[in-house]
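Heads up: the sequence shown begins at 11 in our numbering, then just goes up one per residue.
Yeah, the Cβ is synthetic: ideal placement off N, Cα and C, and Gly gets one too.
Here the structure is a predicted model, which is why all the values come from computation and not from measurement.
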Amino acid sequence: MNKRILYPLIFSLFAVNGCEQNGQQTMETDAEPIHRFTKSIESKRIYFAHMSVGQDIINGINDLLKENSRASLTIIDKANADTGSLPESFLLHSKVGENTKPVSKCLDYRSIVNSELKDKIDYALLKFCYIDINENTNVPELFDTYRSTIDKLISENPGTRFIHITVPLRYTDSGLQVWVRELIGQPNKTKMANIKRNEFNNLLKDHYGRNQPVFDLAVAQSTYPDGRTETFTYKSDYTYNTLIGDYTYDGGHLNEYGRQKVARDFLKFLDKQIKQDDSRKNLASTLAE
11 MNKRILYPLI FSLFAVNGCE QNGQQTMETD AEPIHRFTKS IESKRIYFAH
61 MSVGQDIING INDLLKENSR ASLTIIDKAN ADTGSLPESF LLHSKVGENT
111 KPVSKCLDYR SIVNSELKDK IDYALLKFCY IDINENTNVP ELFDTYRSTI
161 DKLISENPGT RFIHITVPLR YTDSGLQVWV RELIGQPNKT KMANIKRNEF
211 NNLLKDHYGR NQPVFDLAVA QSTYPDGRTE TFTYKSDYTY NTLIGDYTYD
261 GGHLNEYGRQ KVARDFLKFL DKQIKQDDSR KNLASTLAE
């Protein structure tokens, strides 16, 4: 389009629309009490390796525990713990590796599970951060590294159940200014990076989803309490999940409401998975008698 025609059109659109609006609706609180989910979890030994969004989830769990006196979990920060004298059950968590270097997280995670926590945990989870994947990431190569790490850990730790977590997303602005920038050919790096994160998550779910547990953090971040999903399109009719704007204070990390919503989804997932695993073990034990 001729720029002498395009730019006046753009300015007129700004004049008509005024300031860009988020457009997100106020969300309702999920009132289901979390003590329904924590009873099964509090009997297990769980290790959760993460960085900042993972800390948001831990903070969200602590928020929920403060609101419900009937729920209890022993949450331990590994940085302040002696892993040689852990309690009978716990949710142990720690930072691993270095942001923007996901391979370092794989190496650190494997080292911790195979040394300090060897034979001491029932469940283990590793979460990458959104910053580990950008618009230039070689997604198949990164997934191969992740898959190789996890598959080795599974074979090295037969007594531990490994749970996969999808990569968190960033908020994707969709207002008039974004539309204009895309219209004049400016690349939308936020969308392109989120596409890469969606691609990694699809590989993870396709590879592990049928036979191993996967907590879909990206879906938790992109789903409203009423079930609607926040998505975007980019140069095609294909849609990609994106972080809901009302869940974040900076476009990537979770605000108080967002972290509580995701934490609740996380606890629900763990409760369901633990109950399924315990049921299988009980059935196997009964059949063996």
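Could you tell me how far apart the beta carbons of A59 and L135 are, in whole angstroms, since I believe they sit closer than 8 Å?
7 Å
Could you check the C-alpha separation between G169 and L253 for me, to the nearest Å?
35 Å
Inter-residue Cα distance where the pair is L297 and K291:
10 Å
Taking the alpha carbon of V272 as the point to measure from, which residue in Q65, S246, Q222 has its own alpha carbon closest?
Q65
Taking the C-alpha atoms as reference points, what is the distance between S50 and Q286?
11 Å
Does DSSP put T39 in a helix, in a strand, or in coil?
Because the pLDDT at T39 is just 48, under 50, the model does not fix this residue reliably, and the value given afterwards should be weighed accordingly. T39 falls in the coil class under three-state DSSP.
At the level of alpha carbons, what is the spacing between A81 and P197?
47 Å
Using a Cβ-Cβ cut-off of 6 Å (strictly less than) and excluding sequence neighbours within five positions of I175, which residues of its own chain qualify?
L135, K137, F225, L227
Ends of the alpha helix (DSSP H) at N251?
Run containing N251: none in the alpha helix (DSSP H); it sits in the beta strand (DSSP E), 249-251.
Roughly how many angstroms lie between the CA atoms of N148 and T239, to the nearest whole one?
27 Å
Helix, strand or coil for R55? Go by DSSP, reduced to three states.
strand
Where S125 sits in the DSSP three-state scheme:
coil
A81: first and last residue of the uninterrupted alpha helix (DSSP H) it sits in
Looking at the DSSP string, A81 is not in any alpha helix (DSSP H), and its letter there is neither H nor E.
Give me, in chain order, the residues of the same chain whose beta-carbon lies closer than 6 Å to that of D161; leave out the 5 immediate sequence neighbours on both sides.
none
Which term fits G70, buried or exposed, when burial requires 16 or more other beta carbons within 10 angstroms of its beta carbon?
buried
Assigned exposure category for K115 - 16 Cβ within 10 Å defines buried
buried
Run of the beta strand (DSSP E) containing S104, from where it starts to where it stops:
100-105
Please report the distance separating the alpha-carbon of I67 from that of E299.
41 Å
Runs of beta strand (DSSP E) wholly within the region 208-284 (minimum 3 residues, chain order):
241-243, 249-251
So, for K199: in the same chain, excluding its five sequence neighbours on each side, which residues have a beta-carbon less than 7 Å away from its beta-carbon?
E145
Is DSSP giving F172 helix, strand or coil here?
strand
When you compare the CB positions of L127 and Y57, do they come within less than 9 Å of one another, or not?
yes
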